[in-house]
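Engineer: The letter at position 286 of the sequence shown is residue 350 when you use this note's numbering, and the numbering goes up by one with no holes. I have a structure here, written as structure tokens, and I will follow up with some questions on it.
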Amino acid sequence: MERRKFIKLTALAATSGLFRTQLLGQNLTKNPIKIAICGLGNYAENWIAPAIQASNHAELTGIITGSPNKISKWQKKYPIKDNNIYNYETLDSIADNKDIDCVYIATPTGNHAEFTIRSFEAGKHVICEKPMAPTVSDCDRMIAAAKKANKMLQIGYRLYWDPFNVRLMSATKNKEFGPWNEMRGGFSYDHGRWTRKGDWRLTKAMNVGGAVYDLGVYVVQSAFYTTHLHPVSVLAKSWTDRTEIYKELPEHWEWELEWPDGKVSKHSSSYGKKENFIHLETKKGQVGLKPAYSYRGLAGYEPSGSMDIKAVFQQKLQIDGQCLAIMGQQPNITPGEMGRRDIRVLNAIMLSAKSNQKIKFKGFKY
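Structure below.
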């Protein structure tokens, strides 16, 4: 199925409730994709593992961790065999393990490339969390490793299975409300309240650009899937208020994307304020989501009023969809090339802020 048709179908299904009913009502397939999670942090523990457990097409069979103290907790909660437990040094040994078909990379961004490439070299499929990697060259190496191994690379862009965001994708793709004349989007929270010693989000090595990577990737994504175009340039700035907390990375980011028709959209991400929205002014009225990027509690609006859409377990639908893609039953709608595209924009935002100059893009392959 073509990606364009898939988005239209999921939009209709999400709006009607059919998409949710079909996926949640299925029984576990006879041959589920056997997944090992690499990195056992908060997101893996509280969202990805439960999603795999709830999935109709996946089974949690292994873990790869740098924290041996977490192993017993995971084994008490999930039926993970001793032989399916690895650390970062022994990860390569999964090549000999038929209980693992796919590795879900849920570590900090700084080591996504290493663990993804090693998983491909071990002959496994990979679902890599967002953002894909620190640099475009890292993304290129990951994509090349997938092709060499003849395995699938998918990025953990869960919002492609969220019915609110799918509705926004469909409405803007079909120009239901006419062209937009103003677009704003932002995703921020006050991370400074929760910082602790050894917090990887405060380090350049693991979090690359800080809020613009961790949160801004969602904002960049929504700009792509509401315009359905590629930006021609970006102008950005960054700054820090609480220098005692944010010593390596900027606290705040703002950027403007210029589009082929000359329109300019405004975006932001920060670890020092609270916002979570995508808003468009269109010919027929206002369209948007607020909250837009959260795991749950999303809400949307159109010129006719509030979106009447039921909430879903996003990650569960994501895992189902990505496992079906591995099985060849659905298209890969979040490929490595998409992740690479987004990293290219994030890198340009950082370069623009550092140089205080507008950065022009020289075309996009995806």
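Yeah, the Cβ is synthetic: ideal placement off N, Cα and C, and Gly gets one too.
Which two residues bound the contiguous alpha helix (DSSP H) that contains GLY403?
Structural biologist: Reading the sequence shown from its first residue, position 339 is the one you call residue 403. First-last of the alpha helix (DSSP H) with GLY403: 400-419.
Engineer: THR93 by DSSP, collapsed to three states: which one?
Structural biologist: Working through the sequence shown from its first residue, we reach residue 93 at position 29. The answer is coil: DSSP assigns THR93 none of H, G, I, E or B.
Engineer: Restricting to runs no shorter than 3 residues, where is the beta strand (DSSP E) found entirely within the region 320-378?
Structural biologist: Qualifying beta strand (DSSP E) stretches, in chain order: 328-334, 339-346, 349-353 and 364-366.
Engineer: In the structure shown, what three-state DSSP assignment does TRP303 receive?
Structural biologist: For the purposes of this step, residue 303 is taken as the residue at position 239 of the sequence shown. TRP303: strand per DSSP, three-state reduction.
Engineer: Is the beta carbon of ASN245 closer than 9 Å to that of LYS347?
Structural biologist: For this step, residue 347 is matched to residue 283 along the sequence shown. For this step, residue 245 is matched to residue 181 along the sequence shown. Closer than 9 Å, so yes.
Engineer: What whole-angstrom Cβ distance do GLY400 and MET196 have, given they're in contact under 8 Å?
Structural biologist: Here residue 400 is taken as the residue at index 336 of the sequence shown, counted from 1. Here residue 196 is taken as the residue at index 132 of the sequence shown, counted from 1. 7 Å between Cβ atoms; contact.
Engineer: If you run the structure through DSSP and keep just helix, strand and coil, what is HIS294?
Structural biologist: Position 230 of the sequence shown, counting from 1, holds the residue named residue 294. In the structure shown, HIS294 sits in coil (DSSP, three-state: anything other than H, G, I, E or B).
Engineer: Would you report the Cα separation of THR85 and SER419, rounded to the nearest angstrom?
Structural biologist: By 1-based counting over the sequence shown, the position of residue 85 is 21. By 1-based counting over the sequence shown, the position of residue 419 is 355. For THR85, the pLDDT reaches just 33, beneath the cut-off of 50, and the residue's location in the model is therefore unreliable, although a value from the coordinates is still provided. Answer to the nearest angstrom: the Cα atoms are 50 Å apart.
Engineer: What would DSSP say about PHE241, mapped onto helix, strand or coil?
Structural biologist: In the sequence shown, the residue the question calls residue 241 occupies position 177. Coil.
Engineer: Would you check if there are 3 or more beta carbon pairs closer than 8 Å linking the region 174-190 to the region 108-118?
Structural biologist: No: the two stretches stay apart, fewer than three of their Cβ pairs being nearer than 8 Å.
Engineer: Are there three or more Cβ pairs, one per stretch, closer than 8 Å when the region 354-371 is compared with the region 221-231?
Structural biologist: Yes: the two stretches touch, three or more of their Cβ pairs being nearer than 8 Å.
Engineer: Cutting at 6 Å between CB atoms, please list the residues of its own chain near GLY103, excluding the five before and the five after it.
Structural biologist: Counted from its first residue, the sequence shown places residue 103 at position 39. Around GLY103: ALA170 and THR171.
Engineer: Work out the CA separation of SER416 and ASP254 for me, nearest whole Å.
Structural biologist: Here residue 254 is taken as the residue at index 190 of the sequence shown, counted from 1. Here residue 416 is taken as the residue at index 352 of the sequence shown, counted from 1. Whole-angstrom Cα-Cα distance: 24 Å.
Engineer: Out of TYR310, TRP258 and MET206, which has the shortest C-alpha to C-alpha gap to MET402?
Structural biologist: Sequence index remark: in the sequence shown, residue 402 carries index 338 (1-based). Looking at the Cα atoms, MET206 is the closest of the given residues.
Engineer: Between the alpha carbons of THR398 and VAL167, how many angstroms are there, rounded?
Structural biologist: One-based indexing of the sequence shown puts residue 398 at position 334. One-based indexing of the sequence shown puts residue 167 at position 103. Answer to the nearest angstrom: the Cα atoms are 16 Å apart.
Engineer: Please check the pair ASP386 and ILE135, which I expect to be a contact at CB under 8 Å, by giving their CB distance rounded to whole angstroms.
Structural biologist: Working through the sequence shown from its first residue, we reach residue 386 at position 322. Working through the sequence shown from its first residue, we reach residue 135 at position 71. It should be noted that the sequence gives Gln, not Asp, for residue 386. That pair is no contact at about 25 Å.
Engineer: Do the CB positions of ASP406 and VAL276 come within less than 9 Å of each other?
Structural biologist: In the sequence shown, residue 406 corresponds to position 342, counting from 1. In the sequence shown, residue 276 corresponds to position 212, counting from 1. Not in contact: ASP406 and VAL276 (Cβ atoms no closer than 9 Å).
Engineer: DSSP puts VAL190 in a beta bridge; with which residues?
Structural biologist: Here residue 190 is taken as the residue at index 126 of the sequence shown, counted from 1. Its beta-bridge partners are VAL167 and LEU217.
Engineer: Can you list, in chain order, the residues of its chain with a C-beta nearer than 7 Å to that of HIS292? Leave out the 5 residues immediately preceding and following it.
Structural biologist: For the purposes of this step, residue 292 is taken as residue 228 along the sequence shown, with counting starting at 1. Result list for HIS292: THR236 and LYS237, in chain order.
Engineer: Do SER333 and LEU279 have their beta-carbon atoms positioned less than 9 Å apart in this structure?
Structural biologist: The residue labelled residue 279 in the question sits at position 215 within the sequence shown. The residue labelled residue 333 in the question sits at position 269 within the sequence shown. Yes, they are a contact pair.
Engineer: So, helix, strand or coil for SER119, using DSSP?
Structural biologist: If you number the sequence shown from 1, residue 119 lands on position 55. Note: SER119 maps to coil in three-state DSSP.
Engineer: Using C-beta distances below 6 Å, list every residue in its chain close to ASN148, excluding the 5 sequence neighbours before and after it, in chain order.
Structural biologist: Reading the sequence shown from its first residue, position 84 is the one you call residue 148. Cβ neighbours of ASN148 beyond the five flanking positions: THR125, GLY126 and ASP163.
Engineer: Residues in the same chain with beta-carbon distance under 7 Å from GLN379, minus the five sequence neighbours each way, listed in chain order, please.
Structural biologist: In the sequence shown, the residue the question calls residue 379 occupies position 315. These residues qualify, in order along the chain: TRP111, ILE112, ALA115 and ARG222.
Engineer: From TYR430 to ILE219, what does the alpha carbon distance come to, in whole angstroms?
Structural biologist: Within the sequence shown, the letter at position 366 stands for residue 430. Within the sequence shown, the letter at position 155 stands for residue 219. Between TYR430 and ILE219, the C-alpha separation is close to 14 Å.
Engineer: Does the Cβ of VAL443 have 16 or more other Cβ atoms within 10 Å, making it buried, or fewer, making it exposed?
Structural biologist: Residue 443 is absent from the structure shown; the chain starts at 65 and stops at 430.
Engineer: Would you mind working out which of GLY361, PRO367, GLY392 and MET391 sits nearest PHE377, comparing C-alpha positions?
Structural biologist: Position 313 of the sequence shown, counted from the first residue, corresponds to residue 377. PHE377 has its Cα closest to that of GLY361, out of GLY361, PRO367, GLY392 and MET391.
Engineer: I need the DSSP call for MET196, collapsed to helix, strand or coil.
Structural biologist: Working through the sequence shown from its first residue, we reach residue 196 at position 132. Note: MET196 maps to coil in three-state DSSP.
Engineer: What residues are listed by DSSP as bridge partners for HIS316?
Structural biologist: The residue you call residue 316 lines up with position 252 of the sequence shown. DSSP, once it has assigned bridges, lists TRP303 and SER334 as partnering HIS316.
Engineer: Among the residues of its own chain, which have a CB less than 6 Å from the CB of MET247, if the five just before and after it don't count?
Structural biologist: The sequence position of residue 247 within the sequence shown is 183, counting from 1. So the list reads SER329 and LEU344, once near-sequence residues are dropped.
Engineer: So which of PRO143, LYS145, THR173 and ASN151 has the shortest CA-CA distance to ASN133?
Structural biologist: Counted from its first residue, the sequence shown places residue 133 at position 69. Answer by Cα proximity: ASN151.
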